[in-house]
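So the sequence lines, in the order shown, correspond to chains A and B.
Residues in the first sequence are numbered consecutively from 73, following the working numbering.
Residues in the second sequence are numbered consecutively from 73, following the working numbering.
The beta-carbon is built from N, C-alpha and C at its ideal position, and this holds for glycine as well.
Here's the structure we're looking at; comments come further down.
2 protein chains.
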Amino acid sequence: MALTDEAIDKIKGMITSGELGPGDRLPKEADLAERLGLSRNSLREAVKALSMIRVLDVRQGDGTYVTSLAPDLLLDALSFVVDFHRDDTVLQFLEVRRILEPAATALATERMPAEDITKLQAVLDQLGDNPTIEALVANDLEFHRQIAAGSGNAVLCSLIDGLSGPTTRARIWRGLTQEGAAESTREQHQAIVDAIAARQPEVARSWATIHVAGVEEWLRRAL
Amino acid sequence: MALTDEAIDKIKGMITSGELGPGDRLPKEADLAERLGLSRNSLREAVKALSMIRVLDVRQGDGTYVTSLAPDLLLDALSFVVDFHRDDTVLQFLEVRRILEPAATALATERMPAEDITKLQAVLDQLGDNPTIEALVANDLEFHRQIAAGSGNAVLCSLIDGLSGPTTRARIWRGLTQEGAAESTREQHQAIVDAIAARQPEVARSWATIHVAGVEEWLRRAL
DNA sequence: ACACAACAGACCTCCGATGTATTGGGGGAG
DNA sequence: CTCCCCCAATACATCGGAGGTCTGTTGTGT
């Protein structure tokens, strides 16, 4: 396709050149369409594509704005992509997570403030004795998200977050609880927090590796 | 927005449910629009969004098809996203690359067949004495891509590939040549190949770390 | 059997109109 | 004078149809 893609490039150019910055409002559909030399329908396709990857934010009745362009915003489209993958390639995503997560955990051990470590422990504690699958998934997500955030690198954080999409994570937890492995997973979570609290990066890194590798191994067997 | 996003979800569902597999052809615009209960214009916006992230492949005069859904295909939209970022966040991307690239290099050291190592050396050799910036960028890209591919993990490969988008890489090389640092970079590339050829994963990993950290440090100073 | 031309199918682009959500201002009540 | 409600203006959302272009196929002539 030419015309619409051209429009995408032009809008992208307006942003990367600095003509449009984060939070700025685009000219209204009709004006921008005329300026770029195409119809509103074609322009809308370009805008739709850019809003899908969170570069633009369209608000009906108001206007179209450039988002903050924060890395986390742009990268969370990743989980959408991950959802398309079946069992075999999901393993590859998990392999990458086994590389990233230990690194992030080690970074968090060095950089995370004490109060955030307290909050991290609180996340584990707030899980009751007989949590539902949904609660487990949400808790797991929150736990790893906080550690990743503790690495101080927003890109790393959203990458880890997106790499095991919600769908995948749900499937894994369903399987883990079925074979009673949920408890040992919680113990690993606790060990990671302990290592972080003790400010021992290598220990934290190792526990993180063991944790992800365990999930990976389980998933490999399950397929 | 509701209607178009709904259409995106439905098409996504048709794929994840298995109703549509890789390579399958979608019903023609008019039919699919009717089936999903919306107009062709709205459907086109949904299709455009999905083709942007390489889930669908539209061929004018032929039809719309589901792509192979290979991880590398879906992830190379990443470089498009990276291009939107300015100097400060580019450093975060590079930090992540400093985590991934050494890991990939170590994996490649163990898994890469001898003939591929020969090809890798050939990439370095084919660079003349006074290469242009464009040649340097292309060569650099190819070199790291082959190593990443040698890791045997397509997700890891495209992630590394996308993390330093062509735009960023071009800027870096432009700066490096200006201060005569291009030669030392080439020496590091050679050291990485040597370590891989010698099948010493930890040496290869270390060289890769040094290599990326060097670029990172240069970029940090340059800002 | 091959090459070219005509055809049909499918996407591309555009237009103009109508529906819907948000915003901000004006008018009335207190 | 201040506050609140209503409404008109604004901007995006959705629609259906028409004409254009590209691609793959079919049929014809040599």
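Within-9 Å CB hit, residue i to chain B
| i | result |
| --- | --- |
| His-157 (chain A) | yes |
| Met-124 (chain A) | yes |
| Gln-198 (chain A) | no |
| Val-284 (chain A) | no |
| Ile-264 (chain A) | no |
| Asn-225 (chain A) | yes |
| Asn-202 (chain A) | no |
| Lys-82 (chain A) | no |
| Lys-120 (chain A) | yes |
| Ala-105 (chain A) | no |
| Val-209 (chain A) | no |
| Ala-194 (chain A) | no |
| Ala-180 (chain A) | no |
| Glu-101 (chain A) | no |
| Val-168 (chain A) | yes |
| Leu-295 (chain A) | no |
| Leu-110 (chain A) | no |
Same chain, Cβ closer than 7 Å to residue i, five either side skipped, listed in chain order
| i | result |
| --- | --- |
| Leu-115 (chain A) | Ala-79, Glu-101, Leu-104, Ala-105 and Leu-108 |
| Thr-76 (chain A) | Ser-114, Glu-117 and Ala-118 |
| Thr-139 (chain B) | Pro-94, Arg-126, Val-127, Leu-128, Asp-129 and Leu-145 |
| Ala-269 (chain A) | Ile-189 |
| Pro-273 (chain B) | Ala-178, Thr-181 and Glu-182 |
| Ala-220 (chain B) | Ala-176, Leu-228, Cys-229, Ile-232 and Asp-233 |
| Met-86 (chain A) | Leu-92 |
Local Cβ density within 10 Å of residue i, reported as buried at 16 or more and exposed below that
| i | result |
| --- | --- |
| Glu-173 (chain A) | buried |
| Gln-218 (chain B) | buried |
| Glu-259 (chain A) | exposed |
| Thr-190 (chain A) | exposed |
| Ser-123 (chain A) | buried |
| Arg-183 (chain A) | exposed |
| Arg-293 (chain B) | exposed |
| Arg-277 (chain B) | buried |
| Ala-186 (chain B) | exposed |
| Ala-74 (chain B) | exposed |
| Gln-132 (chain A) | exposed |
Expected contact under 8 Å - CB spacing of residue i and residue j to nearest Å
| i | j | result |
| --- | --- | --- |
| Ser-230 (chain B) | Leu-179 (chain B) | Not really, about 15 Å apart at Cβ, beyond 8 Å. |
| Trp-290 (chain B) | Ala-253 (chain B) | 7 Å |
| Val-265 (chain A) | Gln-198 (chain A) | Going by Cβ atoms, the distance from Val-265 (chain A) to Gln-198 (chain A) rounds to 13 Å, so no, they are not a contact pair. |
| Arg-170 (chain A) | Thr-281 (chain A) | 7 Å |
| Val-154 (chain A) | Leu-235 (chain A) | 7 Å |
| Arg-112 (chain A) | Thr-136 (chain A) | The pair is not a contact, with the Cβ atoms about 12 Å apart (cut-off 8 Å). |
| His-157 (chain A) | Leu-92 (chain B) | That pair is no contact at about 15 Å. |
| Arg-271 (chain B) | Thr-181 (chain B) | 6 Å |
| Gln-262 (chain B) | Leu-196 (chain B) | 6 Å |
| Lys-120 (chain B) | Ala-121 (chain A) | 5 Å |
| Leu-295 (chain B) | Asp-201 (chain B) | So it is not a contact: roughly 31 Å between Cβ atoms. |
Minimum Cβ-Cβ distance from residue i to chain A less than 9 Å
| i | result |
| --- | --- |
| Glu-117 (chain B) | yes |
| Gln-164 (chain B) | yes |
| Thr-76 (chain B) | yes |
| Pro-143 (chain B) | yes |
| Ile-205 (chain B) | no |
| Thr-161 (chain B) | yes |
| Ile-87 (chain B) | yes |
| Leu-150 (chain B) | yes |
| Val-127 (chain B) | yes |
| Ala-175 (chain B) | yes |
| Val-153 (chain B) | yes |
| Leu-228 (chain B) | yes |
| Ile-171 (chain B) | yes |
| Leu-98 (chain B) | no |
| Leu-213 (chain B) | no |
| Leu-147 (chain B) | yes |
8 Å CB neighbourhood of residue i in its chain, flanking five on each side removed
| i | result |
| --- | --- |
| Ile-205 (chain B) | Ala-242, Trp-245, Arg-246 and Thr-249 |
| Pro-143 (chain A) | Ala-226, Val-227 and Ser-230 |
| Val-284 (chain B) | Leu-166, Arg-169, Arg-170, Glu-173 and Pro-174 |
| Asp-148 (chain B) | Arg-126, Ser-230, Asp-233 and Gly-234 |
| Trp-279 (chain A) | Thr-177, Gln-260, Ala-263, Ile-264 and Ala-267 |
| Phe-215 (chain A) | Leu-192, Val-195, Leu-196 and His-261 |
Cβ neighbours of residue i in the same chain (closer than 6 Å, five flanking residues each side left out)
| i | result |
| --- | --- |
| Val-162 (chain B) | Thr-240 |
| Leu-150 (chain A) | Gly-234 |
| Asn-211 (chain A) | Leu-199 |
Residue i CB to nearest heavy atom of the ligand MN below 8 Å
| i | result |
| --- | --- |
| Pro-174 (chain A) | Although the ligand MN was asked about, the structure shown includes no ligands whatsoever. |
Report task. May I have a chain-ordered list of the alpha helix (DSSP H) segments no shorter than 4 residues that lie completely inside the segment 189-241 of chain A? Result -> 205-222 and 226-235
Requested in this report: Note down, one range per segment and in chain order, each alpha helix (DSSP H) of at least 4 residues found wholly within the segment 81-168 of chain B.
Outcome: 101-108, 112-124, 143-147 and 150-154
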